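Residues 3 to 137 in this note's numbering are what the sequence shown spells out, letter by letter. In this text, a Cβ means the ideal position worked out from N, Cα and C, and glycines have one as well. Here the structure is a predicted model, which means the values were calculated and not measured.
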Amino acid sequence: MKPTHIEHIGIAVKDLESSIQFYEEKMGLFCYRVEEVPEQKVKTAFFKIGQTKIELLESTSPDGPVGKFVEKHGEGLHHLAFAVEDLQENLAELEEKEVGLIDRTPRIGAESLNIAFLHPKSTFGVLTELCEQTK
């Protein structure tokens, strides 16, 4: 596996609108996209800094993954995402190397990327996402 770059850093927030306002007014960034991903029970907002993005995540349901995360850990760093080519091949390679996978096959995430998550127990406590541009 050879990631090409950090795709984004995911930050769990309780209130997406006030978080967007903070990043725009206090940090001088521009929110270029807000999107809901119903399958993941989350609403996202994106900011770009160089080649890397910041993704704010607000749960749309308390039983969604981000809702559970915020309930247990509070707001903060949720995941680190790496861009890769041939996501399915990378997942097979990682599974062969006994890395714990949350997703064995890619699924569609925000910005129509193919995504898959690695289990934090295999990545030193960091929820890690792999992302691939759809073709």
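Same chain, Cβ closer than 8 Å to residue 73, neighbours up to 5 away in sequence not counted: 64
In the region 6-59, which residue ranges form an unbroken alpha helix (DSSP H) of at least 4 residues, counting only runs that do not cross its ends? 18-27
State the CB to CB distance for the pair residue 82 and residue 130, rounded to an integer number of angstroms; the pair is presumed to be in contact (CB under 8 Å). 6 Å
Note down, in chain order, each residue of its chain lying with its Cβ closer than 7 Å to the Cβ of residue 71, except the 5 sequence neighbours on either side. 14 and 80
Span separating the alpha-carbon of residue 43 from that of residue 62: 5 Å
Which residue marks the beginning of the alpha helix (DSSP H) containing residue 112, and which one marks its end? Residue 112 -> no alpha helix (DSSP H), and no H or E assigned at all.
Residue 69 lies in the alpha helix (DSSP H); which residues open and close that run? 67-75
Does the contact criterion of 3 or more C-beta pairs under 8 Å hold for the region 119-128 versus the region 96-103? yes
Could you spell out where the alpha helix (DSSP H) holding residue 103 opens and where it closes? Premise fails: residue 103 is in no alpha helix (DSSP H) and is neither H nor E.
Span of the beta strand (DSSP E), counted from its first residue to its last, around residue 80: 78-85
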